Amino acid sequence: MAENDSELNDLFSSATASGGLVEADVLTELQSIMRLHSIPPQELFYKWESYSIKMGQDDMKLDIDTVRALKQNVQDGLEKENRKNKAHVSNKRVGVTPRNVGNNNDVFGMLDLTPNTPRSAMSSRPKRKPVTPSISRVKAEPASSPPDFKTSNNLKEAGTGVGSGDGTGSSYAPTSFNDRPHAGQTFGKVLNAHLEVAEPPIAPYSESRIKLTANSDMKKLSYKTMAMKSSEASEILDDRIDEFMLLVQAHHNLEDSDFGSAASQSTNEIVAVGRIACDSAEGKLNPSSIVLETSRRMGAGLRIPLKIDKMRGFKFFPGQIVALKGMNASGEDFTVSEILEPPLLGVAASTPAGLDEHVQRLRGGPDAMDEDSDPAPLNIIIGSGPFTADDNLNFEPLHAICSQAADTYADVLILTGPFLDIDHPLIASGDFDLPEELLSDPDSAAMTAIFKYLITPAFTQLTSTHPRITILLIPSVKDATNKHAAWPQEPFPKKDLGLPKAVRIVGNPMTIALNEIVMGISAQDVLYELLHEEIHKDIVGGKPEDNTIYARLPKYLIEQRHFFPLFPPVQRTQLPKTGTEDGISVGAMLDTGFLKLGEMINVRPDVLVVPSSLTPFAEVVESVLVINPGYLSKRRAAGTYAKLTVYPASMTEQERTQGTMTAMSAEESPAAASSANTVKSKTDSTNSTPSSAQTKAPSAKPGNVKEPATPTPDGGKLSAAELKKRAKDEKAARRAAAVQSKAGTENATPPPAAAGQKSDAAKGGKAQPKKGAEVRNLPVRGSTKSSPVIELPKVEDKTVDLFRHLYKPRTTSIAEAGKDVHPAVLALGLQMSNYTICGSCARLVATLQAFKRVVESYKTPVGASLTRHFIPHVLSPQIEYLASCRPLSVSMGNAIRWLKLEISKIDPDLSETDAKENVCDAIDVFMRERITFADKVIADTTAEKIRDGDVIMTYAKSSLVQKALVRAHEMGKKFRVIVVDSRPLREGKHLASALVTLGIEVKYCLIHGLSHNIQDVTKVLLGAHAMMTNGRLYSRVGTALVAMEASEADKPVIVLCETIKFSDRVALDSIVHNEIAPANELVIAGGPLENWMDVKKLQLCNPMYDVTPAEYIQMIVTESGNIPTTSVPVLHRLGNEAQ
C-alpha cells in the first residue's frame, strides 16, 4: 500500500494546489477508487486527465471535492459499459456480433478452443478477389451466399447461445440461413391459381421490357422537415375534411343545405363531415370515446361525441374522414343514423395505341423475332426490409432474393426499406466490425459507406448477371442512411452508395406506372397500426369476406385515398418491440404539414404494395390488388416476399376500332379476359429465401396513359373549387331537365288502356309506381289546358361564409315548440328571443325560476323515479327549446350542469314531495349565493374603488356595473359617468336613463365618439358575458374596442364578473364561438339598407359578442376577491371542486 501511496504522490503531485504531496483524505479516496475498480495508479491518472479535459479545465486542482467527482465519473462510466455489455448478452434480445478480441475470438473466455477453431478477424481474413460473373445463370457461388465482409459467426458455431432473442433463456442458437427449413415454400393465399407460371427465358432480353413512369412529384418530397407552423399544419388537416365534403356532395347529389355542423344543436337531420378522433390524447378508440372533429369552416373545429350504439355495423379508426347522417338534438352528442359511402377514385385506363406499344415492348423491342406469338409475361418480384437477421449484418436474405431475380430473369425487383435498419441491434449500438475496405480510416466511415460495402454488392452482382433488370428502392423512415427521417419521405441520395445504373430510388410513398400497370407503394407499416387502432362492428348478414382484416384494412387506404390515413399514429411504445436496448421502434414519424403528399393521385392503383408485420397476403379489394409481401428477414429467421406474373393485355377488334380508353376490372373472369391484363402474383413463404408462389393480382390496366374514369379537360385532378362548381352545374342541369319533363307531362294526354286491360285504379287499388321508375304528377281529369310552368327566382345566399357555422334559426312563436315544453318555459323563450330578457344574469335567474316551476308541476310516472326520469324526459326538452330561441349563455350552461348534478344526487327512496322540495330549495340557495350575494359583494368592492372626481366610462348596459355605480352614489361619492353605446340594441340608453334618474351626471355617446371621450376618463368599468379560461373577456360586441382604446390611453380597465360566468373554454377570436343575431335588426326603416336583401352580393352580419385580449384588462372583481386574468382557471376549478 505504501508503494501505491508513493506512486500516487508522484503522479498526482502536479495536480495538487500546493504542487506537493497529496493530502491524506484525497489519497484515501484515490486508493478507494483503485480498490473498488481494480485500477492501477497509472490508469487512474489517465482517467483524471481525461476527466479534466472533459470538464474543460486543464488546470483543475485535485482536492477532496474533485476527487469525489472523479470517483463518481469513473463509477458512472463503468456502470454504463456494464449495462451495454449486458444488453449484448442478455436473453431479452437477439445476440449481436461482438468485436473481435485478440486472435482467438474468445471474448468472454467461454470457448474451449481447438486447433480447428476458425478465425474471423477482419484483419486476418485474406481479401477476396473479385469474380466476374458469367452471363449464364450458373453462378460461381451458391445463390444465397453473401459477400465476405461479415461479422463473426464463431459464437453461433460454438453453440454458446449468446443473445437469445425469444426471451426463453440463453440456449437459443440461430440456425444458418442456408440451413433454413421450408426454403421457397408458397405461403398463404394464391390468386388466379389456374394460370400457369411462365418459364423464365433462356437468356436475358436485349432491352428492358419496362417503361417506368413516376406519377408522383418527387421534387415536392424534398421539403424541409418541421418547417411548417402548427397553424399551417392544422389547415392541412382542415382542408382534407373540406375537400372530402365536396367529394361526398358530388357523389351523393346533396345540396349545400343538407350539410351542417355536428356540434350545433338541432332537431333536423343533417350530413356532418369530419375526422374520427378519440376523446383523450392517450386513450384508445372505443364506442364510448369516439368523437367527430369538425373543420374550422364547417364546425369551428369543435369535437362532438358520437352515439353509434344503434347502428347495424361500422368501421372507424382515428384520422378517418367520414360523412355521417344524423342529428344533435341535445347539444351534447351527435346520434348517427347512417354512414355515407365515400366516393372512390376512378380506375386507370389506357388507349389501344398505348397497349400495342407495351405489348411490343414485352416482346423485347422492335427487332424481336416472334411477332405473331404472345409475348412472355412480366415477372415482378417484391420484397421488404429488414434484409438481415438481428444477430448479423451478412444480408443473406438480400443476396438470396437478388439471386432469385437473376435466376428467373425478373423484369422488375421492387424493394422497400429499411435497408440499414436503425432498429437493428448492431446498428443501433454500433457494435459491429467494419468492412475491410473501411478499416484504414474507421473514424471517417459513414452509414453511406456501410451501405456501399454491405448492400451495394448484391445489386452489382445482380445487374452484372441480368443487365436489363429494373431495380426500384423505396426508402423507409427507419433507414440509417437517409437524413430525411419524416414521412412522406424523399429518396435517399444515390451518389455515395455506388449503386449501378439499373437501380432507381424513389420516394416513400410513390405511385408509379410499370408499362400499363399503376402501382402504389409505401414502406410504412400502416396495416398494423390500423389493426391496432380500429374499432368495427360487423354487419349481420353481410359478406364474410368484407369482415376479414385482409379486406377491411386495405379498404381504409382506398376509401381515404391516402397511404397513411391514420392520425395520430400509434404511440411508439405500443408498436412491436425491436431488438435494440430499449426495444422501442422508430414509429411512423409523420410530418403533419406535408401529409397531402401521401395522397393517391388521380386514379386507384392497380397494385397496392403495403409491407407489414402482419401475415403476408395478396387480396383484391375494390378492384385493387393489395399485396403485403411480409418482411424478407425476421428478427431470428428468414421471411417472405411476393412474385407477380403479369400477362399482356389483349383487345377485341371492336375495342380496337372504337379507339376508346380501356379500363380493367380487378378480378379476371373468362368473359372479361379479352380486355384485361392477366396478372399472376405470388406471395412466397420465406422461411428462407423467398421462393415462387402463385398469387393472382387484379388485372392491370392496359395502356400507357393513366386517366380517371371521369377525366378532367387537362387530365389533372380536380381542385375543391372545381369539384364544387361541377356539382352545382350538374344540379342546375338536373333541375332544368326536371322542369322540362314536368311541362311535357302536363301537356300530354294519358294514353288509353289497351283493350281488355284495366288500370291499377280500376282494380280498386292505388296506382303504385314501379321500383326505379320516375314518379310524375298526371294532369287533372277534364283539364284541357296545361298549367304554365312558374320558375321561382333564385334566392341569393346572404350568409357570410366566415360565420356560416354560427347561423342558427330562432324559434319566434309558441307554435314551433314541442308539446313537452312547460308554459313558463314557453313564455321565457319568447322573451329571450325578442330581447325582453337580455342580459346574461337576467336570463340565468329567469331560467332557474322557470325550471323551479317545472319541478313544482312535475309528477313522477308510475314505475319511474324522479332521479332517472326527470332529466332526460322533462328537463332536456325545456333546455332544447330555450336553446332554439337563443343560444344559452355560459352562466346558464354552468347552472344547468349544477342542476343536473343536484338532481342526480337525490336519494331514490325519498318521497316525490320531499325530493321536489329539496330541488326547489337548492335552486333558491344557488340564486341567492351565486347571483344575489355575489352581485352585492362585487358592487360594494367596486364602489370602494371609485373616488370623488372620478370619470367612469362603461359600455352598453351591465346590471352589475349599474349596481356598483348606484352603490357608490349611495355612499356619497361625486363622480361622472360616460356611457358608450352602439346599435342595434342600444342598451346603454336604459343605463344612462336609470343613472340620470338617481341624480348622477351622465354623458351618453355612440361608439364612434369613443376616442374623443376616453381622454377624460379615470377608470373603465365593463360587464362580462363570460370570462374564458385563458383570461379573455367575452362580452357585448364593441367591448374589445373600448378596452383597446383605454389601453392606448393608459386608462385602467376593470371587469365586473360573477364566478358563475367563468368558462373552461379557450377563446382566441370572435369567430369560433359567437352568437349571430338576425341581420334585419341592423336595418333602420326608411334607411339605405331597407331593401338590402335585393342588393346583389351585399351581406350583413350581426354578431352579438367579441373577445377582449387579457392584456387589456388590469383587474377582475369577483365575489371571491380581486384577481388578475391569469387566475381565472384556478378560481373556476376551485368553484367546480366546491360543487
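Take the sequence shown: its position 788, counting from 1, is numbered 788 in full-length UniProt numbering, and each next residue is one higher.
Positions of the beta carbon are idealized from the N, C-alpha and C atoms, including for glycine.
Fair warning: this is a prediction, and the values are worked out from it, not measured in the lab.
Report yes if the C-beta distance between residue i and residue j is below 8 Å; otherwise report no.
i     : j     : result
T408  : N379  : yes
P287  : I535  : yes
A1106 : A1024 : Per the sequence shown, residue 1106 should be read as Asp rather than Ala. It is not a contact, given that the beta carbons lie outside the stated cut-off.
T860  : E902  : no
G1038 : S959  : no
G630  : T645  : no
R636  : A389  : yes
E1058 : E1119 : yes
K945  : I978  : no
A262  : G299  : yes
V603  : I627  : no
L285  : I304  : no
I381  : L413  : yes
I308  : V322  : no
Quick check on the burial criterion: 16 or more other C-beta atoms within 10 angstroms. Buried or exposed for residue i?
i     : result
T749  : Low local confidence applies: a pLDDT of 39 at T749 is under 50, so the model's placement there is unreliable, with the coordinate-based value given in what follows. Counting Cβ neighbours within 10 Å, T749 comes out exposed, since fewer than 16 surround it.
H562  : buried
I517  : buried
G19   : exposed
S38   : exposed
F870  : buried
T932  : exposed
T481  : buried
M832  : buried
S123  : Interpretation of S123 is limited by its pLDDT of 37, a score under 50 that renders its predicted location unreliable; the figure taken from the coordinates is listed afterwards. Its Cβ having fewer than 16 others within 10 Å, S123 is exposed.
A618  : buried
R1133 : exposed
V961  : buried
I814  : exposed
Y647  : buried
Just grab the DSSP bridge partners of residue i for me.
i     : result
H562  : E599
P305  : V291
S403  : Answer by DSSP bridge pairing: none, since S403 is not bridged.
D1106 : S1035
Q489  : N508
M327  : T335
D421  : D479
S266  : N328
M953  : I978 and V1020
K315  : H536
I903  : Paired residues: none, contrary to the question.
Out of the options, point me to the one whose CA is closest to residue i's CA.
i            : options                    : result
T463         : I427, T186 and V503        : V503
T66          : K325, S52 and V624         : S52
Q42          : Q72, D801 and D5           : D5
Q1015        : D950, D1069 and V996       : D950
M927         : F803, K219, D948 and F851  : F851
V1117        : L1089, V937, K989 and L991 : V937
V855         : T294, R868, V919 and V862  : V919
Q75          : I64, H990 and R35          : R35
residue 1152 : A405, G326 and I422        : Residue 1152 lies beyond the residue range present for the chain, which begins at 1 and ends at 1139; the question has no answer from this structure.
D25          : H990, I64 and Y807         : I64
E653         : D356, K478 and L998        : D356
L595         : P569, T578, D606 and I584  : P569
Flag residue i as yes if its beta-carbon sits less than 8 Å from any beta-carbon of chain C, otherwise no.
i     : result
L1041 : As a matter of chain content, chain C is missing from the structure shown, which is built from one protein chain.
Any contact of the segment 1000-1010 with the segment 1084-1102, i.e. 3+ C-beta pairs under 8 Å? Segments in contact, no.
Are three or more beta carbon pairs between the segment 602-615 and the segment 524-535 nearer than 8 Å? Counting C-beta pairs closer than 8 Å gives three or more between the segment 602-615 and the segment 524-535, which meets the contact rule.
Under 8 Å: do the segment 381-388 and the segment 441-450 share three or more Cβ pairs, one atom per stretch? Taking one beta carbon from each stretch, the segment 381-388 and the segment 441-450 have fewer than 3 pairs nearer than 8 Å; the two do not touch.
Specify whether the segment 567-582 and the segment 326-346 touch according to this definition: at least 3 beta carbon pairs, one from each stretch, less than 8 Å apart. No, because fewer than three Cβ pairs between the segment 567-582 and the segment 326-346 fall closer than 8 Å, the two stretches do not touch.
Inter-stretch contact (C-beta, 8 Å, three-pair minimum) for the segment 583-599 and the segment 480-495: Judged by Cβ distances under 8 Å, the segment 583-599 makes contact with the segment 480-495, as three or more pairs qualify.
Given 8 Å, three or more beta-carbon pairs between the segment 873-887 and the segment 819-833: A contact is defined here as three or more CB-CB pairs under 8 Å, and the segment 873-887 meets this definition with respect to the segment 819-833.
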